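Just below is one structure, and these are the notes that go with it.
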Amino acid sequence: MAYKIVFFDIDGTLVDEEKQIPGDAAKAIRELQEKGIVTAIATGRAPYFFQPIAAEVGIASYISLNGAYVVHDGAPIYKHTIPRTALETLVGLAATHGHPLVFQGSEGYFANADAHPHVVESISSLKVELPGFNPSFWETDEIFQAFLHCEEHEEHLYGELLNELRLVRWHQKAMDVLPNGGSKARGIEQLLKHLGIAPEEAVAFGDGLNDKEMLSFVGLGIAMGNAHEQLKPYADYVTARVDEGGIVSGLRYAGLI
945 MAYKIVFFDI DGTLVDEEKQ IPGDAAKAIR ELQEKGIVTA IATGRAPYFF
995 QPIAAEVGIA SYISLNGAYV VHDGAPIYKH TIPRTALETL VGLAATHGHP
1045 LVFQGSEGYF ANADAHPHVV ESISSLKVEL PGFNPSFWET DEIFQAFLHC
1095 EEHEEHLYGE LLNELRLVRW HQKAMDVLPN GGSKARGIEQ LLKHLGIAPE
1145 EAVAFGDGLN DKEMLSFVGL GIAMGNAHEQ LKPYADYVTA RVDEGGIVSG
1195 LRYAGLI
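Numbers 945 to 1201, taken from the numbering used here, label the letters of the sequence shown in order.
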């Protein structure tokens, strides 16, 4: 198969634990670009979390916020927001159980609790700036994703949301809250349609539970060696760890470098 586009998750895939892009991975991405292969990011992060990373490897197209906000060459082409009614239910439930929320727009994000330790712990692990404090942000702006800060044994408290929202854990103290039907795969589908590329002509690299749909959707889904064990069955190939040449090994397997 002559693949035409490659999607890269960020955390644990494109960057290591220190949030740095390995030199061999950056070099391989430049080689793809020189060959005319489209390179894109597919991440749960919001755009303001990864612009320096994208700029470092010359990538201007991305699937962000777990597929809810898609940009091609710097221009938005697709938006999928959380319905206001679902947000109202989420806010009410979280308040009842004492769990803080963080609301993510396309250009900024804000918490409804000031410096809550669960918020600080989980978001600090991403090595990004902490959210501002604005409890009413969700009432005035488009919300593409939220963070629900609760622990695994508390997830059952939010069962009534599952008809409208998806909950995907990414930290011991935090879950992504996505619009129903939202996933990286849905965002990738929109970008591929925009570019006139078939899913079979796409490759994707990932390591987390929010990468299941993406790896299943593309022609070649590659899981990193450090991937969550529950992700690996969804991959066509498991490459090396991010800090052991995983991107390069995966691209070689795909016949792209």
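Glycine included, C-beta positions come from ideal geometry on N, C-alpha and C.
Every value quoted in this text rests on a predicted model; they were computed, and no experiment measured them.
- Task: Assign Thr1084 to buried or exposed, taking buried as 16 or more other Cβ atoms, counted over all protein chains shown, within 10 Å of its Cβ.
- Result: Here residue 1084 corresponds to residue number 140 of the sequence shown, with the count starting at 1. Counting the other Cβ atoms within 10 Å of the Cβ of Thr1084 gives fewer than 16, which makes it exposed.
- Item | Proximal residues to Ala1129 (C-beta, below 6 Å), its chain only, five neighbours per side dropped | Position 185 of the sequence shown, counted from the first residue, corresponds to residue 1129. Around Ala1129, the same chain offers Glu1157, Met1158, Phe1161 as residues with beta carbons nearer than 6 Å, after the five sequence neighbours per side are excluded.
- Query: If you run the structure through DSSP and keep just helix, strand and coil, what is Ile997?
  - Reply: The residue you call residue 997 lines up with position 53 of the sequence shown. In the three-state scheme derived from DSSP, where H, G and I count as helix and E and B as strand, Ile997 is classed as helix.
- Task: State the Cα-Cα distance for the pair Ser1050 and Gly1189, rounded to the nearest angstrom.
- Result: As a position in the sequence shown, residue 1050 is number 106, starting the count at 1. As a position in the sequence shown, residue 1189 is number 245, starting the count at 1. When the Cα atoms are used, Ser1050 and Gly1189 turn out to be separated by approximately 32 Å.
- Query: Excluding sequence positions up to five away, which residues of its chain have a Cβ less than 6 Å from the Cβ of Phe1081?
  - Reply: Counting from one through the sequence shown, the residue named residue 1081 turns up at place 137. Excluding residues up to 5 positions away in sequence, Phe1047, Phe1054 lie with their Cβ nearer than 6 Å to the Cβ of Phe1081 in the same chain.
- Query: So is Asp1058 buried or exposed if we call it buried at 16+ other beta carbons inside 10 Å?
  - Reply: The residue you call residue 1058 lines up with position 114 of the sequence shown. Burial call: exposed.
- Which runs of the alpha helix (DSSP H) spanning at least 4 residues fall entirely within the segment 1005-1063, listed in chain order? Correct list: 1028-1041.
- Message: I need the DSSP call for Gly1076, collapsed to helix, strand or coil.
- Response: Here residue 1076 is taken as the residue at index 132 of the sequence shown, counted from 1. In the three-state reduction of the DSSP assignment, Gly1076 falls in the strand class.
- Message: According to DSSP, is Ala1198 part of a helix, a strand, or is it coil?
- Response: As a position in the sequence shown, residue 1198 is number 254, starting the count at 1. In the structure shown, Ala1198 sits in coil (DSSP, three-state: anything other than H, G, I, E or B).
- Message: Between Ser1127, His1138, Ala1090, Ile949, which has its C-alpha nearest Val1035's C-alpha?
- Response: As a working mapping, residue 1035 is identified with position 91 in the sequence shown. Cα-wise, what sits closest to Val1035 is Ala1090.
- Use the C-beta contact count for Ile1068: other C-beta atoms within 10 angstroms, 16 or more gives buried, fewer gives exposed. Mapped onto the sequence shown, residue 1068 falls at position 124. The residue you asked about is not Ile; residue 1068 is Ser in the sequence shown. Under a 10 Å Cβ-count criterion, Ser1068 is classified as exposed, with fewer than 16 other Cβ atoms of the shown protein chains found around its own Cβ.
- Query: Mapping DSSP to helix, strand and coil, what is Gly925?
  - Reply: For the chain, the structure presents residues 945 to 1201; residue 925 sits outside this window and is missing.
- Under 9 Å between C-beta atoms of Ile1191 and Ala972: Position 247 of the sequence shown, counted from the start, is the residue given in the question as residue 1191. Position 28 of the sequence shown, counted from the start, is the residue given in the question as residue 972. Ile1191 places its beta carbon less than 9 Å from that of Ala972.
- Task: Could you tell me the distance, in whole angstroms, from the CA atom of Lys979 to the CA atom of Ile949?
- Result: Position 35 of the sequence shown, counting from 1, holds the residue named residue 979. Position 5 of the sequence shown, counting from 1, holds the residue named residue 949. Going by the C-alpha atoms only, they are around 11 Å apart.
- Message: Rounded to the nearest angstrom, what separates Val1072 and Asp1187 at their Cα positions?
- Response: Against the sequence shown, residue 1072 aligns to sequence position 128. Against the sequence shown, residue 1187 aligns to sequence position 243. Rounded to the nearest whole angstrom, the CA to CA distance from Val1072 to Asp1187 is 21 Å.
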